[in-house]
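Visitor: In terms of the working numbering, the sequence shown opens at residue 489 and continues consecutively.
Got a structure for you, questions after.
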Amino acid sequence: MAVRVVMAALALALAGCASSPHESSAAPTSLGLPHVSTALFIEPNDNPELPALIPPGVLNSPAPRAPADAAPLLETAEMILVVDVGAEGEVRNVMVATSTRVRDLDRAALDALRQWRFAPTEYEGSAVAVRVRVRVVFEMRDR
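Here it is, written out as structure tokens:
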């Protein structure tokens, strides 16, 4: 029985890795921390030299950890980060495009995104650097 539960959880986790656009979430904790979800996308002008680019696959995406003292400040806070991804899939730079207006939440998202790792993006047979965007939503939910 325990093996089936572990296998089912592993299958669900792997299925989530294959979705596009990439979405992930961290469950709320008993401390009342916000639920955090992320979604990866590309704006049309982010990579003008690479037409019809599909967002790169995400290999590692630790979720932002909202500080406990930030929870009372919000019901929902959303931000958009611009991420420059190197040809090997490493994060080269992260910038805030739209802020939550809560410094600790912005910082938590920036810190988490710097740890993300992407599958290399290929264009015409060569690995290329790309720019992507990540929507991060911090949301209080009923426990």
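Each residue gets a CB set at the ideal place from its N, CA and C atoms; glycine is no exception.
On a CA-only basis, which of 544, 622, 556 and 618 is nearest residue 585? Give me that one, please.
Guide: Position 97 of the sequence shown, counting from 1, holds the residue named residue 585. Answer by Cα proximity: 622.
Visitor: Considering residue 623, what are the terminal residues of the beta strand (DSSP E) in which it resides?
Guide: One-based indexing of the sequence shown puts residue 623 at position 135. Its beta strand (DSSP E) spans residues 618-627.
Visitor: Pick out whichever of 554, 576, 535 and 581 has its Cα sitting closest to the Cα of residue 566.
Guide: As a first step, residue 566 must be located in the sequence shown, where it is residue number 78. Answer by Cα proximity: 554.
Visitor: Identify whether residue 516 lies in helix, strand or coil by the three-state DSSP scheme.
Guide: Sequence index remark: in the sequence shown, residue 516 carries index 28 (1-based). The pLDDT assigned to residue 516 is 41, lower than 50, so where the model puts this residue is not dependable; a value taken from the coordinates is nonetheless given after this. Residue 516 falls in the coil class under three-state DSSP.
Visitor: Could you check what DSSP says for residue 508 in three-state terms: helix, strand or coil?
Guide: The sequence position of residue 508 within the sequence shown is 20, counting from 1. For residue 508, the predicted structure reports a pLDDT of 42, less than 50, and the residue's modelled location is therefore unreliable. A value from the coordinates is still provided. Coil.
Visitor: From residue 576 to residue 596, what distance separates their C-alpha atoms?
Guide: Mapped onto the sequence shown, residue 576 falls at position 88. Mapped onto the sequence shown, residue 596 falls at position 108. Computed Cα separation, rounded: 24 Å.
Visitor: I believe residue 541 touches residue 618 by the beta-carbon criterion, under 8 Å. Please report the beta-carbon distance rounded to the nearest angstrom.
Guide: Counting from one through the sequence shown, the residue named residue 541 turns up at place 53. Counting from one through the sequence shown, the residue named residue 618 turns up at place 130. That pair is a contact at about 6 Å.
Visitor: Taking residue 608 as the reference, which of 526, 572 and 539 has the closest Cα?
Guide: For the purposes of this step, residue 608 is taken as the residue at position 120 of the sequence shown. The residue with the shortest Cα to Cα distance from residue 608 is 572.
Visitor: Use the C-beta contact count for residue 556: other C-beta atoms within 10 angstroms, 16 or more gives buried, fewer gives exposed.
Guide: Here the question's residue 556 lines up with position 68 in the sequence shown. By the 10 Å Cβ count, residue 556 comes out exposed.
Visitor: Are residue 627 and residue 588 touching if we call contact CB-CB under 8 Å?
Guide: In the sequence shown, the residue the question calls residue 627 occupies position 139. In the sequence shown, the residue the question calls residue 588 occupies position 100. Not a contact, by the Cβ cut-off of 8 Å.
Visitor: Under the three-state reduction of DSSP, which class applies to residue 589: helix, strand or coil?
Guide: Taking the sequence shown and counting its residues from 1, the one referred to as residue 589 is at position 101. Looking at residue 589 - three-state DSSP - the assignment turns out to be coil, as it is neither helix nor strand.
Visitor: Less than 6 Å between C-beta atoms, sequence neighbours within five positions excluded: which residues of the same chain meet that for residue 610?
Guide: The residue labelled residue 610 in the question sits at position 122 within the sequence shown. Same-chain partners within the cutoff: there are none.
Visitor: Which ranges would you report for the beta strand (DSSP E) in the region 523-562 if only whole runs of at least 3 residues count?
Guide: Fully enclosed beta strand (DSSP E) runs of 3 or longer: 523-529 and 546-548.
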